[in-house]
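Chemist: Using our numbering, you'd call the opening residue of the sequence shown number -18 and step up by one each time. Can you keep this structure in mind? I'll have questions shortly.
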Amino acid sequence: MTLDQLRIFIAVAERGHMTRAAESVGMTQSAVSAAIGALETRYGAKLFDRVGRGIELTETGRRFLPEARAVLDRAATARSVLEDLSATPRGSLAIAASQTIATYWLPRRLASFHAAYPDVRLSVTIGNTRGVEMAVAEAAADLGLVEGSTAHPALTRQRVDLDRLVLVVSSNYPAPPMLPSGGIDLRAVSWVIREEGSGTRGVLEALARREGIPLDQLRVFLELPSNEAVREAVEAGAGATIISEHVVARDIAAGVLRPIAIDLPQREFALVRHKNRTQKTAERALVSMLSAGL
């Protein structure tokens, strides 16, 4: 039994789906299936029942799941102890970050960190807020950086910056119709949005709830998996979107995109950690640097 097999087992158990589990651990579906099959064969235990397109834990699988999580937590703690024998930050740090942070906010800060601590190896994986939460909870990442709200009970959350959101359309797109109250008519707008679980989509959903609009009454024209794809679609005239100013600042300045005045809340850039996991020396140094701008 290997730590990789345990990590794969946990990912499949929590998602109930081989393909989604494979995406979360950065492997192919066939490799994930093979790892689960090898684990079941080695110990003569059936861990999952295949139900339609999904899978469910058997009674054996349900009893094994907390033990597998405990082993991964202990392995992470052991690794941290070894790396912390030296007072100088060294070793490796795995970071999971949502798209806006990973693309526009984090790289310069990691470059500064590397200059200060060259013995620390950094790796970054990119996902939406829900994916980052799960990566930290499952010990696939030491820490996470998110833009959206978080709810996982095993994680702590710390603000590291604020992000300004804007509603934008292409320069030649008609202005959204206004309501007598002075706001825009959200129902009359053709929306281009990110996938479920992303921070910016969550902001639109919260705005609709604030206006008393059921989500199924929004005219969602296009759902895309990245900020850049959303920006390109809006530039082409596909509709409107709510997006981080980091992503569209140059396009607004160039006159390619036009911001629409609307009351949008600032959102947090937040760092999430597992509350029960020992913090490494390198991790403490990185958290201190990322928090320094507050």
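Note that CB positions come from ideal geometry on N, CA and C, so glycine has one too.
Measure the C-alpha to C-alpha separation of P195 and P161 and round it to an integer number of angstroms.
Modeler: One C-alpha to the other measures close to 20 Å.
Chemist: In terms of DSSP beta bridges, what is Q139 paired with?
Modeler: Per DSSP, L252.
Chemist: Within this structure, are the beta carbons of A273 and V101 separated by less than 9 Å?
Modeler: No; because the gap between Cβ atoms is not below 9 Å, this pair is not in contact.
Chemist: If I follow the unbroken beta strand (DSSP E) through S79, where does it start and stop?
Modeler: Residues G72 to S79.
Chemist: Looking at the structure shown, is L125 part of a helix, part of a strand, or coil, going by DSSP?
Modeler: Strictly speaking, residue 125 in this sequence is Gly, with Leu absent from that position. G125: strand per DSSP, three-state reduction.
Chemist: Flag this pair as touching only if the segment 115 to 128 and the segment -18 to -3 have three or more C-beta atom pairs under 8 Å; answer yes or no.
Modeler: They touch, by the three-pair rule.
Chemist: Relative to the C-alpha of S269, which residue among L124, V147, I(-11) and S171 is closest?
Modeler: Out of L124, V147, I(-11) and S171, L124 has the C-alpha closest to the C-alpha of S269.
Chemist: Could you tell me which of E128, I17, R71 and T131 sits nearest to I36, measuring between CA atoms?
Modeler: Comparing Cα-Cα distances from I36 to each of E128, I17, R71 and T131, the minimum goes to I17.
Chemist: Quick check: does the Cβ of A96 come within less than 8 Å of any heavy atom belonging to the ligand ADP?
Modeler: Of ligands this structure carries none, so the ligand ADP is not represented either.
Chemist: For R145, I'd like the list of residues in its chain whose CB is within less than 7 Å of its CB, leaving aside the five on either flank, ordered along the chain.
Modeler: These residues qualify, in order along the chain: E226 and Q247.
Chemist: Under DSSP, the beta strand (DSSP E) around T106 begins and ends at which residues?
Modeler: Note, T106: beta strand (DSSP E), V101 to G108.
Chemist: In three-state DSSP terms, what is S151?
Modeler: Three-state result, S151: strand.
Chemist: Between L203, G164 and E204, which lies nearest to L188 when the distance is taken from Cα to Cα?
Modeler: The residue with the shortest Cα to Cα distance from L188 is G164.
Chemist: Under a three-way DSSP split, which group does D244 fall into?
Modeler: Reduced to three states, the DSSP call for D244 is coil.
Chemist: If we ignore side chains and look at the alpha-carbon of each, how far apart do A97 and V62 end up?
Modeler: Going from the Cα of A97 to the Cα of V62 covers about 22 Å.
Chemist: Can you tell me the Cα-Cα spacing of P70 and S151, whole angstroms?
Modeler: When rounded, the distance between both Cα atoms is 47 Å.
Chemist: Which stretch, first to last residue, makes up the alpha helix (DSSP H) that contains G183?
Modeler: Per DSSP, G183 belongs to the alpha helix (DSSP H) from G180 to R191.
Chemist: Give every residue of the same chain whose Cβ lies closer than 6 Å to the Cβ of A75, excluding the five residues on either side of it in the sequence, and list them in chain order.
Modeler: Cβ neighbours of A75 beyond the five flanking positions: S104, A122 and D123.
Chemist: Can you say whether P157 is buried or exposed, counting buried as having 16 or more other CB atoms within 10 angstroms of its CB?
Modeler: Per the 10 Å Cβ criterion, buried.
Chemist: Expressed to the nearest angstrom, what Euclidean distance is found between the alpha-carbon atoms of W172 and A214?
Modeler: W172 and A214: Cα-Cα distance of roughly 10 Å.
Chemist: Can you check which of these residues, A251, A234, F94 and F45, is closest to M(-18) by C-alpha distance?
Modeler: Among A251, A234, F94 and F45, the Cα nearest to that of M(-18) is on F45.
Chemist: Could you have a look at A221 and say whether DSSP puts it in helix, strand or coil?
Modeler: Strand at A221.
Chemist: If you drop the 5 nearest sequence neighbours on each side, which residues of the same chain put their C-beta closer than 8 Å to that of L(-16)?
Modeler: These residues qualify, in order along the chain: V52, L53 and A56.
Chemist: Are the Cβ atoms of T58 and S79 separated by less than 9 Å?
Modeler: Cβ distance not < 9 Å, so T58 and S79 don't count as in contact.
Chemist: Secondary structure at M159, three-state DSSP: helix, strand or coil?
Modeler: DSSP places M159 in strand when its eight states are reduced to three.
Chemist: Could you name the residues of the same chain whose beta carbon sits closer than 6 Å to that of Q(-14), not counting the 5 residues immediately before and after it, in chain order?
Modeler: Counting only Cβ-Cβ distances below 6 Å, and skipping sequence neighbours, we find A16 and L20.
Chemist: Report yes if the CB atom of R140 is closer than 9 Å to the CB atom of F250, and no otherwise.
Modeler: Yes. Within cutoff.
Chemist: Quick one: what does DSSP say D166 is sitting in, helix, strand or coil?
Modeler: In this structure, D166 counts as coil in the three-state DSSP scheme.
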